[in-house]
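Peer 1: I have a structure here, written as structure tokens, and I will follow up with some questions on it.
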Amino acid sequence: MAMYQTEEIENKTTQLRKGILELAILSALYRKTHYGYSLVRDLTISEAIELKEGTIYPILSRLAKEGLVRTEWAESNQGPPRKYYALTSAGRKMCEALNAEFRRLIQLVEAAGRGEPPDPAALENKRVNIGRQRP
Amino acid sequence: MNSHFPPSIEKIVADYMDRLSVRLRGMPDSDRQDFLNEIRSHIFESYLQGGVDDEIDRILAVLRRLGEPDEVISSRMPQTISRVGQQRKAPLYILAGILIALVGVPLGLGALGVLIGMLAALFGLMVGYFAAAVSFSVAGFIGAVVSAVALFAPDVIVSINRLAGSEVVHLGPFSPAAAGLIGLVVSLILAALGLLMLWSGRYLWRGFRFVVNLIVTNVRRIFGSYLSKGRVDGPAYSPLTRPSSGVAAGR
Chain A
228 MAMYQTEEIE NKTTQLRKGI LELAILSALY RKTHYGYSLV RDLTISEAIE LKEGTIYPIL
288 SRLAKEGLVR TEWAESNQGP PRKYYALTSA GRKMCEALNA EFRRLIQLVE AAGRGEPPDP
348 AALENKRVNI GRQRP
Chain B
7 MNSHFPPSIE KIVADYMDRL SVRLRGMPDS DRQDFLNEIR SHIFESYLQG GVDDEIDRIL
67 AVLRRLGEPD EVISSRMPQT ISRVGQQRKA PLYILAGILI ALVGVPLGLG ALGVLIGMLA
127 ALFGLMVGYF AAAVSFSVAG FIGAVVSAVA LFAPDVIVSI NRLAGSEVVH LGPFSPAAAG
187 LIGLVVSLIL AALGLLMLWS GRYLWRGFRF VVNLIVTNVR RIFGSYLSKG RVDGPAYSPL
247 TRPSSGVAAG R
């Protein structure tokens with residue numbers, strides 16, 4: 228039974244990470260343009276959340292197909308060209324909406340954990356603040 | 007593409023790229039090349055960051071962090087590759103859907119007999135088709151040769167008939183030349199028809215394989231779910247259902 232639970236936990240954790248990773252990518256691109264590897268470093272995927280770095284590329288190409296990011300190949304001064312990603316206006320809108328929803332969900336989960344009804348002010352707070360500088 | 011790596015490293019990178027490339031089959035060529043270029047670019051950037059002195063160790067660490075090709079594309083699968091595949095196979099899915107609607111295939115294990123019968127019928131149809139195609143081509147070619155002989159060397163026909171003692175090659179009311187000309191045209195048309203049937207037969211073959219695959223996969227899935235239901239404290243997924251659940255997780 229213990230084995231079963233470990234596998235289930237890993238499975239669910241991976242799904243949760245994958246869902247959030249997409250939002251993390253959008254948020255990173257909200258601040259600035261990235262190429263794949265710079266995005267990886269910005270997200271510090273390998274250390275912070277144990278996902279393989281390659282996971283971001285399928286997500287990026289999906290975002291491109293959905294019209295949320297636009298892409299451009301540019302020469303690098305060393306090595307092969309880099310593919311740069313930038314949010315489109317639809318992407319910016321999506322990023323704002325998802326961040327607002329994400330915050331709301333965190334409030335809900337935490338309130339549920341404390342056994343209190345969620346703070347109504349927090350639920351209505353749709354203000355978005357994701358352009359913050361990193362420390 | 008010119009390499010940005012020393013030869014020993016390039017070999018490892020090329021091997022990785024090959025394995026990745028194989029898994030991207032079915033994607034449009036331009037998308038695939040774009041994806042491969044991007045991954046190669048990533049490997050280079052990551053390799054440049056260094057950290058480890060030994061070149062081999064360094065590239066292996068880069069690839070380990072990047073993930074195995076399967077891990078890299080797994081979340082891509084539902085969105086692009088499988089969608090591309092489905093677009094190509096759409097008519098076949100419709101065909102399979104009609105067949106299933108008519109015969110009621112997914113009704114469970116009881117329908118297995120119906121399935122096998124259906125497959126046998128399909129197979130019979132296919133064999134018949136190819137037999138017809140082959141005999142058309144062969145008859146067409148033989149007819150064309152005989153007609154050509156009648157057209158260009160009518161004496162040969164006459165002497166064959168005389169040798170055999172009866173009219174082996176029947177020319178009818180026509181002169182050998184006229185019969186040869188008519189025969190040649192008809193034979194060539196027949197041969198062309200046969201070849202055309204053979205050539206278009208690959209679609210039939212592909213369709214047949216698709217239907218077989220579809221059925222085999224579904225039967226395996228049914229069996230797979232029976233198996234995992236039967237197990238009490240086994241893993242949550244049976245190996246047979248794992249691929250589809252992986253696809254769902256990546257969505």
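In order, the protein sequences belong to chains A and B.
Numbered by this note's numbering, the letters in the first sequence go through residues 228 to 362 in order.
Numbered by this note's numbering, the letters in the second sequence go through residues 7 to 257 in order.
Cβ atoms here follow ideal geometry from the backbone N, Cα and C, with glycine treated the same way.
1) Using 10 angstroms around the beta-carbon of A/Glu234, count the other beta-carbons present and answer buried if the total reaches 16, otherwise exposed.
2) Using alpha carbons as the reference points, say which of A/Leu314, A/Thr240, A/Leu243 lies closest to A/His261.
3) Around the Cβ of B/Val191, are there at least 16 other Cβ atoms within 10 angstroms (buried) or fewer (exposed)?
4) Using the beta-carbon of each residue, which ones in chain A are nearer than 9 Å to B/Lys16?
5) Which ranges would you report for the alpha helix (DSSP H) in the region 131-172 of chain B if only whole runs of at least 4 residues count?
6) Please confirm if A/Pro308 has its CB atom under 9 Å from at least one CB of chain B.
7) Could you give the distance in angstroms between the alpha-carbon of B/Gln55 and the alpha-carbon of B/Ile15?
8) In or out: B/Ala150 buried (at least 16 other Cβ within 10 Å) or exposed?
9) With a threshold of 9 Å between beta-carbons, can A/Lys279 be considered close to chain B, or not?
10) Could you please tell me which residues of the region 63-78 of chain B, in chain order, have their CB closer than 7 Å to any CB of chain A?
11) What does B/Ala197 pair with, by DSSP beta-bridge criteria?
12) Going by other Cβ atoms of all chains shown within 10 Å of its Cβ, with 16 needed for buried, is B/Leu196 buried or exposed?
13) Are A/Ser265 and B/Glu77 close, meaning C-beta to C-beta below 9 Å?
14) Could you please give the first and the last residue of the uninterrupted alpha helix (DSSP H) stretch that includes B/Val28?
15) By DSSP's criteria, A/Ala313 is part of a beta bridge. Which residues make up the other side?
16) Determine the direct distance from the alpha carbon of B/Asn219 to that of B/Ala127, and round the result to whole angstroms.
17) Which partner residues does A/His261 have in the DSSP bridge list?
18) Over what stretch of residues does the alpha helix (DSSP H) that includes B/Ser181 continue unbroken?
19) Mind pulling the chain A residues with CB within less than 9 Å of B/Arg46?
20) Among A/Gln305, A/Met321, A/Leu278, which residue has its Cα nearest to the Cα of A/Asn238?
21) Can you give me the start and stop residues for the alpha helix (DSSP H) that A/Pro285 sits inside?
22) Alpha carbon to alpha carbon, how far is B/Phe158 from B/Ser143? Give it in angstroms, no decimals.
23) Measure the Cβ-Cβ separation of B/Leu66 and B/Ile45 and say whether it is below 9 Å.
24) Can you pull out the residues from the region 252-263 of chain A whose beta carbon lies closer than 9 Å to at least one beta carbon of chain B?
25) Around the C-beta of B/Pro34, are 16 or more other C-beta atoms found within 10 angstroms, so that it is buried, or is it exposed?
26) For B/Val162, is the beta carbon positioned less than 8 Å from some heavy atom of the ligand MG?
27) Here's the rule I'm using: 16 or more other beta-carbon atoms within 10 Å means buried, otherwise exposed. How should A/Tyr312 be labelled?
28) Quick check: the Cα distance between B/Leu202 and B/Arg31, rounded to an integer number of angstroms?
29) Answer with yes or no whether the minimum CB distance from A/Thr271 to chain B is below 9 Å.
30) Verify whether the separation of the beta carbon atoms of B/Val140 and B/Leu204 is less than 9 Å.
31) Which class does B/Met33 belong to by DSSP, given the choice of helix, strand or coil?
Peer 2: Taking the geometry as given:
1) exposed
2) A/Leu314
3) So B/Val191 counts as exposed.
4) Correcting the residue identity first, residue 16 of chain B is Glu in this sequence and not Lys. Those within 9 Å of B/Glu16 in chain A number zero; the least Cβ separation is about 12 Å.
5) Counting only runs of 4 or more, we get 160-170.
6) yes
7) 15 Å
8) Counting of Cβ neighbours within 10 angstroms places B/Ala150 among the buried residues, the total reaching 16 or more.
9) yes
10) Arg71, Leu72, Gly73, Glu77, Val78
11) According to DSSP, B/Ala197 bridges with nothing at all.
12) buried
13) no
14) 13-29
15) A/Arg297
16) 16 Å
17) A/Tyr312
18) Counting along the chain, B/Ser181 falls outside any alpha helix (DSSP H), and DSSP gives it neither H nor E.
19) Pro307
20) A/Leu278
21) Its alpha helix (DSSP H) spans residues 283-292.
22) 22 Å
23) no
24) Tyr262, Gly263
25) In the assembly as shown, B/Pro34 is an exposed residue. Its beta-carbon has fewer than 16 other beta-carbons within 10 Å.
26) The ligand MG is absent from the structure shown, which contains no ligand whatsoever.
27) buried
28) Their backbone Cα atoms lie some 28 Å apart in a straight line.
29) no
30) Going by C-beta atoms, B/Val140 is nearer than 9 Å to B/Leu204.
31) coil
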